[in-house]
Amino acid sequence: MLQQVISSDTGSTVIFWLIDTGQKIKEFTGCHGNAEISTMALDGTETRLFTGGTDGAVKVWDFNGYCHHKLNAGRDQTVEISQILVLTWTILVIGWDRVITVFRLNNLTQYLVQPSEWKGGAQHKDDILSAAFLPPQTLVTGSSDGEIVVWNNSTENAIMKLSYNPGRSLRSNSGSQMLQNKTSDKHMKSAANPEAENCN
Numbered sequence: 486m487l488q489q490v491i492s493s494d495t496g497s498t499v500i501f502w503l504i505d506t507g508q509k510i511k512e513f514t515g516c517h518g519n520a521e522i523s524t525m526a527l528d529g530t531e532t533r534l535f536t537g538g539t540d541g542a543v544k545v546w547d548f549n550g551y552c553h554h555k556l557n558a559g560r561d562q563t564v565e566i567s568q569i570l571v572l573t574w575t576i577l578v579i580g581w582d583r584v585i586t587v588f589r590l591n592n593l594t595q596y597l598v599q600p601s602e603w604k605g606g607a608q609h610k611d612d613i614l615s616a617a618f619l620p621p622q623t624l625v626t627g628s629s630d631g632e633i634v635v636w637n638n639s640t641e642n643a644i645m646k647l648s649y650n651p652g653r654s655l656r657s658n659s660g661s662q663m664l665q666n667k668t669s670d671k672h673m674k675s676a677a678n679p680e681a682e683n684c685n
């Protein structure tokens with residue numbers, strides 16, 4: 486994958502480009518039929534391409550254009566997949582629900598693969614739109630209402646929630662100014678804090 490860029494479009498086409506020359510070197514068409522490709526990801530070895538479509542499916546491709554697996558992320562529904570996170574043992578798919586959709590790599594034995602249960606359940610109050618992973622086991626998810634949940638990815642349990650209060654007023658250090666905080670007023674809620682929001 487060195488020196489290449491992969492792009493996708495609303496017409497469900499994936500194109501591989503050379504960075505140095507801008508030359509198109511290969512193209513996969515109709516990857517999700519008439520559905521738009523909304524996100525893509527590579528596995529850790531950069532030998533498999535994952536495409537997420539508005540048809541609710543995640544497809545796993547090799548670089549010859551062969552689709553090895555179809556992951557039924559939307560459970561046969563049309564959904565907006567915003568991110569695919571490919572980890573060592575799992576594939577996490579998010580964007581349309583309050584719960585993380587998870588596929589376990591050891592279950593990828595058939596072409597059509599159904600999701601497994603995320604053990605941590607629903608911790609967000611709104612749709613999860615983004616996620617980030619920090620090895621060895623910290624997963625962070627953010628929802629459309631601004632809430633952030635920190636997870637132990639090994640146990641799939643929520644360990645902390647971060648939320649904001651847009652109406653809270655803050656005073657500056659000089660005490661002469663009143664600041665109305667709209668985005669950065671974070672309240673950490675942790676299992677170690679007795680006043681924390683329960684993550685169970």
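In this text, residue positions in the sequence shown follow my numbering: the first is 486, and each later residue adds one. Every residue, glycine too, gets a C-beta built ideally from N, C-alpha and C. None of these values were measured; they are calculated from a predicted model.
**Message:** Helix, strand or coil, according to DSSP, for Leu534 in the structure here?
**Reply:** Leu534 carries a strand assignment under DSSP once its states are collapsed to helix, strand and coil.
**Request:** Flag this pair as yes or no: are the beta carbons of Val543 and Gly537 separated by less than 8 Å?
**Result:** Result yes, Cβ atoms of Val543 and Gly537 sit closer than 8 Å.
**Message:** Give me the DSSP bridge partner(s) of Ala526.
**Reply:** Phe535, per the DSSP bridge assignment.
**Request:** Indicate whether Gly559 and Gly541 have their beta-carbon atoms separated by less than 8 Å.
**Result:** Yes, the pair counts as a contact, with Cβ atoms nearer than the cut-off.
**Prompt:** Under three-state DSSP, which class holds Asn592?
**Reply:** For Asn592, the three-state secondary structure derived from DSSP is helix.
**Item:** Cβ contact (3+ pairs, closer than 8 Å) linking the region 614-623 and the region 594-605
**Value:** No contact exists between the region 614-623 and the region 594-605.
**Request:** Quick one: measure Cβ to Cβ for Asn638 and Leu647, integer angstroms, because I've assumed they're closer than 8 Å.
**Result:** Not quite, the Cβ-Cβ distance comes to about 17 Å (not below 8 Å), so this is no contact.
**Item:** Contacting residues, own chain, Cβ-Cβ under 8 Å from Asp561 (five flanking each side not counted)
**Value:** Excluding sequence positions up to five before and after Asp561, its CB lies within less than 8 Å of the CB of Gly541, all in the same chain and listed in chain order.
**Prompt:** Could you check where the beta strand (DSSP E) with Tyr649 kicks off and where it finishes?
**Reply:** Tyr649: member of the beta strand (DSSP E) spanning 642-649, first to last residue.
**Prompt:** Around the C-beta of Val571, are 16 or more other C-beta atoms found within 10 angstroms, so that it is buried, or is it exposed?
**Reply:** For Val571, the number of other beta carbons within 10 angstroms of its own is at least 16, and it is reported as buried.
**Item:** Burial state of Asp611, where buried means 16 or more other Cβ atoms lie within 10 Å
**Value:** Exposed, because fewer than 16 other Cβ atoms sit within 10 Å of the Cβ of Asp611.
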